[in-house]
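Each remark here refers to the structure printed beneath this line.
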Amino acid sequence: MSESPEWQSEECHEDQLEGYLKRYDMLAGEWCVWYDGQEPIGITFGVEWAPSNEKAWIGTILIAKNKRRQGYGQAIIGEMIANFTSNQHDVLFAGVPIEKLSWIHFLSSCGFEQFKVEEDEAGRSFMIMVHPL
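Okay, so the sequence shown: first residue is 878 according to this note's numbering, each after it adds one.
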């Protein structure tokens, strides 16, 4: 997280992490740390069922700074897709702040498609993306 200031500006700063994690308890999702051998390379959060549409969602994916642009993110997304598929899901969603074009491009490179744009309670726009499974 400390290597992702852009994510921190959207989600939470390091000193707010405990409260941030508690907010996600109600979703009964799963935080995963991903490794290459013994070296941690990424963190993800995914849910099997989101209250917004009762579908599976990827909520977070962070890759270690020294491992970016080497295929690790795509491989992790691929593993998550395989896990959701094996759990009988037919679609996987992700939401991205509309101005985070690099995040949208990354998810597009992983097979996600633009679905629609939504606004949150604060009036911020998000690109909702979908990956058929």
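Note that the Cβ used here is the ideal one computed from N, Cα and C, for glycine as well.
Per DSSP, what are the beta-bridge partners of residue i in this structure?
| i | result |
| --- | --- |
| Phe970 | Trp934, Val1007 |
| Tyr912 | Pro917 |
Return the residue from the list the options that minimises the CA-CA distance to residue i.
| i | options | result |
| --- | --- | --- |
| Ile1005 | Gly972, Ala933, Gln951, His966 | Gly972 |
| Phe1003 | Gly988, Cys987, Pro1009, Phe970 | Phe970 |
| Val994 | Phe983, Glu976, Ile938 | Glu976 |
| Phe983 | Asp967, Gly948, Pro917 | Gly948 |
| Asp997 | Asp902, Glu916, Ile954, Ser929 | Ser929 |
Is residue j closer than 9 Å to residue i when the C-beta atoms are compared?
| i | j | result |
| --- | --- | --- |
| Gly923 | Val910 | no |
| Leu904 | Ala941 | no |
| Asn964 | Glu925 | yes |
| Leu1010 | Thr962 | yes |
In chain order, what residues of the same chain lie with their CB nearer than 6 Å to the CB of residue i, ignoring the 5 residues before and after it?
| i | result |
| --- | --- |
| Trp980 | Val973 |
| Gly988 | His1008 |
| Trp908 | Phe922 |
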